[in-house]
Amino acid sequence: MSLADAFLLIAAAFGAGVMNSIAGGGTFLTLPMLIFTGVPAKIANATSTVALWPGSVASAIGYLPELKAQRGRRALFAISFVGGLLGALLLLATGESTFRLLIPWLLLVATVLFAAGPAITRRLRKDAQSVPDLGRLTAATAVSQFAIAVYGGYFGAGIGILMLAALALSGMDDLHAMNGLKNGLATAINGIAVITFVAMDLLPLASMMPWLKNDDVLWWPQVFVMMLAAIAGGLVGVKLARVLPTRVTRTVITTIGTVLTVAFFYKTYA
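For the sequence shown, my numbering begins at 6 and goes up steadily by one.
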């Protein structure tokens, strides 16, 4: 990693930390910048996940009271761990060339989900806050959370919007409680993915699982540089969130996602 690359990654991770503190979407900055600086696409995805995870932990801690009030949280967390693990293993089993072909589509899905976020939020706020608790876990909720967790362990961008929609369909309508549960589950999904990536990179597990295409999983210099920058960006983002309109931030992030999606489609398929 050259000094110029380090500065670019620091800037991207700092911006991602700010974005995640205000509205989410930090992956739109870190993943393309890692690829631009020469990191293979699959390694870039795993490296971005590990580097940004500490920020999501801090966010989830802020919602602990809402999280503890949810009766169905233990089952959802168990489902999220299993799904996130499967998604991470699927990523490791995906070849580099295949993942490069998937990146434009994954960015497209994430951009559409992020752009749809305000509409989903408005829809959730229409009803009175009369069912703040998840209550009894239904099969539909379990299946949808498992699918979201698999996607989250594999790529992850946009899972917050997906979980809000799934929780709304389960009967919850207290947006604050839903945000708390969503943040906790997202931290769990990304956390098990982080553990998987770190374990596969540091421990001699490849010989036991030859089907995993993981000669390298993480590039550690990039991880540490970006992790510190993302934490700093998150602290700044908390202050900016009080003065910067969320709508402006969402518009900027959606525009970035759209431009990057078009660029990756052109680069991959043109």
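All C-beta atoms, glycine included, are put in the ideal place defined by N, C-alpha and C. Because the structure is a prediction, the values reported are computed rather than measured.
With respect to the 8 Å criterion, residue 157 and residue 239 are not classified as neighbours on the basis of their beta carbons. Distance from the Cα of residue 78 is smallest, within the candidate group 32, 37, 183, for 183.
Residue 266 and residue 146 have their alpha carbons spaced roughly 30 Å apart. Using a C-beta cut-off of 8 Å, the stretch 37-48 makes contact with the stretch 87-103, since at least three inter-stretch Cβ pairs fall below that distance. A Cβ-Cβ separation of about 18 Å leaves residue 61 out of contact with residue 39 under the 8 Å criterion. Linking residue 84 to residue 159 through their CA atoms gives a straight-line distance of about 15 Å. In this structure, the alpha-carbon of residue 249 lies about 16 Å from that of residue 259.
When C-alpha distances from residue 151 are compared across 17, 31, 34, 89, the shortest belongs to 89. Non-local C-beta neighbours of residue 120 in its own chain, meaning closer than 7 Å and more than five positions away in sequence, comprise 259, ordered along the chain. In the structure shown, residue 266 adopts helical secondary structure according to DSSP, grouped into three states.
Bounds of the alpha helix (DSSP H) holding residue 38 are 32-41. Under a 10 Å Cβ-count criterion, residue 109 is classified as buried, with 16 or more other Cβ atoms of the shown protein chains found around its own Cβ.
Around the beta carbon of residue 252, fewer than 16 other beta carbons sit within 10 angstroms, so the residue counts as exposed. Around the beta carbon of residue 264, fewer than 16 other beta carbons sit within 10 angstroms, so the residue counts as exposed.
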